[in-house]
Each structure stands twice: as C-alpha cells, then as structure tokens.
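What follows is a single structure, written as structure tokens, with notes after it.
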Amino acid sequence: MKKSTLAIGMLVALGALWSGGAWYTGKVAEENYVSYLQQINRSARLISTEHGLGKVENVKFERGFFSSTLSYDLLLTSAKDNVTYHLPMVGKVYHGPITLNNFSVAMFSADLALQKNEQTALWFTDDKSNPLALTLTMGYNQQVKGELNSSAKVNLDAEQLQWTGNVQFELDKKGFGKTLGNFPSLTIHKETEDPARPNTILLKNVKVNVERPSADLFNGQYQVNIADFALNGIDKKGQDYHLQLDDVSLALNLKQEQNWVDSDFVYQIADVKENNRSVAGLQWNMMLNHLDADALRLFLQEAGKLNQQNNLSAEGIKALEKLLNNQPHLQLSPLGLTNSKGKATLNLDVGVVQNVLNAGQQGKILDLFNALKGDLNLDKAFLKEFIATSLMASDNRISQADAEQNAQNILDKKLKSLVSQGLFKETDDKYTLTFNRDNDKLNVTGKDYSEQDIQAWIFILAMMIYAGGV
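Take any residue in the sequence shown, note its place counting from 1, add 1, and you have its number in the numbering used here.
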C-alpha cells in the first residue's frame, strides 16, 4: 500500500464520522444518511483513482439516550499489489446540547479509534498508543474543532514508515479552515539491494500549518517547517552517503481575485551538509502573479497525469499557452546561497506582454517583455569556498589547500574573462552583473545591446549546445 492510499483512508474515515454524528443529532434525516455515505465513497474514488481505492462499508449504529456507538470498516485497496486492507473503526458519538464526554455545549462530540486486526496489528507501536485516534466537537455554529493523535509503524511497498504526531483542526462543515500538525519524528526506511544498508530518512520536529478558508483551490496559506532532515544511504559507488538539511522552512500564500491568482513562495534552508561537510544555505523568495485561475487549474490537473503518460496532454498544453498569453509576472527577491564566507544572490523581475506566444512569432526578443531587469551579486570569498567544497565532495582525495587553489584558478580564468568582456563588474570583494530592458535595448552592466546583439548571442549559444560545448 502506498503512502497516498493511507492518506485517502484518513479522509474517508473523517467523512464517515462526520456524517454519522450529524445523523444522530437529528441534523440530517435518517433516510439521507445513505446518500451521505455514497457521497463519501464517490469522493474517495475521485481522489484515489491512481493510488488505490478507499471506501466505507458495514456501517453500524447502536443508539443510546446520551450517546451512540458508531462502527464501520474502512477499506483501502492498493493499486500496486491489489491487496485490500480492512481497517475497523470504532467510536462513540455523544449527543448535545451537553455532551457527556467533555461536558461542552455542542451539537455533538465524538471519539474514534482504529481497532486491531491481523492487518493492522503491526501498525501499533505499543499497547498505549493508537495509529489513528480522533476526538472532535461540532458546535451549533457548524464549526468543528478536533484533534488527531497518531503513532504508527506502517509497511508500504518497499518502505517502512514510523511516526508520532498530532494534528489539531478547526473547520467549517465543508472541511475548510485551519489545521496545525506537529510531528516530533518521522522515519522512512527504504529497501536497497543490500538488506543490511537501507536508505533512511529521518525528520525531526515537523510542523505543518494550513489555512484554507474556502473550496477555492487558489486561496490559502500553507507552511511547513522541519528542524532537522537527514538522509543516510548509499551512493552510486557503493559508499555511505549522508545528507543533512538544517532548519528547513517552506511557505506558500495563494490569493485569488476574480479569475487572477497571485502566489508568494518562500523556501529557506539554514545549512546543507553533504557527508558532514557544509555546502551552503538557501534563500528563495519568489512571487508569481497574474495567473489565469481556470488555465492554472486545468494545467495542474493535466500535469498530475504525467506519471501515467509521457507527454503533457493537448488540454494541458492549451492551458499552459493560456497562462503564458495572459501576462504572468515573475519576481525573485532574492534567490540566494550563503556559506561561512559570504553569499551569492539573484534578483529578478520579469513580465511578458499580452499574447506573448504570438509576439514571439515576430522574431524580436525584447518585444516579448514588459518588464525585464535584475542583478547578480557574487561575493568572491563565497565563490572560492563554494567551488572548493564542491571539488572536495566530488573527490575526497583532494586536500583543503589544493581545493582552494583550484577554486581560485577557476575564478581567475572564468570570472575575470567575463569581466574583461564587460558582462561583470569587479570590486575588491565581489563580482556584479546587472541588466535592464530600456525600450529597444538591453543594458547589461552599463553597456547597451541591441536586438541584433541579443539574437546573435542566442544563435551562438544554440550552436554551442548543439555541438555539445555546453
């Protein structure tokens, strides 16, 4: 069973509990509950076509005066091995207006947990924890607050996953709102040709924060923070390999007004270490704005099928063309790397004209842009350290002194050549390149270049690529 199949199962479980609780508090008529259940199963089929099937069966209610027992089987079918997993779920729905499990004023509250059977027994890490234990309360304002606690060890295909985590949520009746996840540890063991040396991924202190106010795909805030990411495995030479990422954070904000989507993306890594050697830190701030929402939705839908087909579909290509033809705007501020010696940063502002693909057929490069400017700043000390580290990583026989000397030789040969050509400006401690579109010319580090100059560059570059020179 795949990880995505397990996630689908959790969604189906939540949906079934929700419907059962609403039915028992009189908010949904008994005869309508069957249609709710069918809707859950239809939704599961829609989102799980590729990875497997999830559905709810054998639903049973035993109604009491203050509470009702709810049980059902959650069925997950793995598309890869065609095995169906039966996950028995058992819980209680406590009736309002005063719920007896937590004495809250609510429409209902509920507790639900996974039960052991032959297939799920191995998922339980001990006798005290549960792979899937859920509590929630639904108020009379139709808001649901709850908490999901999970501690499990699961075998999925050739991988073994083990995690401990907690998810808190506050959602409306359609499932939209705020979700906060906290996972102190997540371990993934993946089999290799050598059973004694599996690839291992260890994540510590993972926090996930999602705010999605509505069903609209393109409105919301998504944040992921990972204090420590470690990969231990085997490289192509059969040698032990270790990759360490410190303080990883990713944030995505999406905002849609009418049919236009703006996105703000921030990705940071404090330090990347390869085989215990610091390589660099990463700072990536990007805004991609003025995206056609309908075209973006269709493009993402078709792009998601690429693991089933080799090429983007005709519908996906048309959607991409529509995105490009409606003046998307890209900004990097900055894209940067850092190490103990300095930094390298790229700032970029690029916008294209309306119907840019048609404009491209006219053969003029500069006419494609309504905004084109940027700057590249390279600290000399950063470059020397970065190149030396890369050389030592590729060949552990190279000493620190030799790597630094080789790095300096590369800089003297490559960068100083670009300085002599006027592309870069050199100061005592850095190299700088700037560019800006100014009417019918492109100014690069203080020198103007015409449309003909740019086309000549592109022709030379294309010939070099064709000849294998780049």
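Think of the CB as a built atom: it goes at the ideal place given N, C-alpha and C, for glycine as much as any other residue.
Going straight from the alpha carbon of K154 to that of N210, what length do you get? 24 angstroms
To which residues of the same chain is A216 closer than 8 angstroms at the C-beta, ignoring the five residues directly before and after it? K175 and F177
Does any C-beta atom of chain C lie closer than 9 angstroms to the C-beta of F66? No chain C appears in the structure shown, which is made up of a single protein chain.
Using 8 angstroms for Cβ pairs, my map puts D272 next to S264. What's the rounded Cβ distance? That belief does not hold up - the Cβ atoms of D272 and S264 are roughly 27 angstroms apart, past 8 angstroms.
Which of the three DSSP states, helix, strand or coil, is assigned to K154? strand
For the alpha helix (DSSP H) containing I318, list its first residue and its last residue. A315 to N326
Extent of the continuous alpha helix (DSSP H) run through R298: A294 to A304
How would you write the range of the beta strand (DSSP E) that V168 sits in, first residue to last? E160 to L172
Ignoring anything shorter than 3 residues, give me the beta strand (DSSP E) runs that lie fully in the region 421-458, in order along the chain. 431-439, 442-445 and 448-450
Straight-line Cα distance separating T180 from K426: 49 angstroms
Go ahead and label E303 buried or exposed: buried means 16 or more other beta carbons lie within 10 angstroms of its beta carbon, across all protein chains shown. buried
Alpha-carbon to alpha-carbon, Q161 and Q189: One point to set straight first is that residue 189 is Ile, not Gln, in the sequence displayed. Rounded to the nearest angstrom, the two C-alpha atoms are 6 angstroms apart.
Sort out for me which residues DSSP pairs Q224 with in a bridge. N210 and A252
Taking its Cβ as the centre, do 16 or more other Cβ atoms sit within 10 Å of T138, making it buried, or is it exposed? buried
DSSP state of T121, grouped into three classes? coil
Tell me the residue span of the alpha helix (DSSP H) that contains E194. Unbroken run through E194: none, as it is neither H nor E.
State the start and end residues of the unbroken alpha helix (DSSP H) segment that holds M393. K381 to S395
So what does DSSP say about K365, is it helix, strand or coil? coil
Mind checking which residues open and close the beta strand (DSSP E) that includes G343? G343 to V353
To the nearest angstrom, how far is it from the Cα of Q456 to the Cα of M464? 12 angstroms
To the nearest angstrom, how far is the alpha carbon of P89 from that of P132? 12 angstroms
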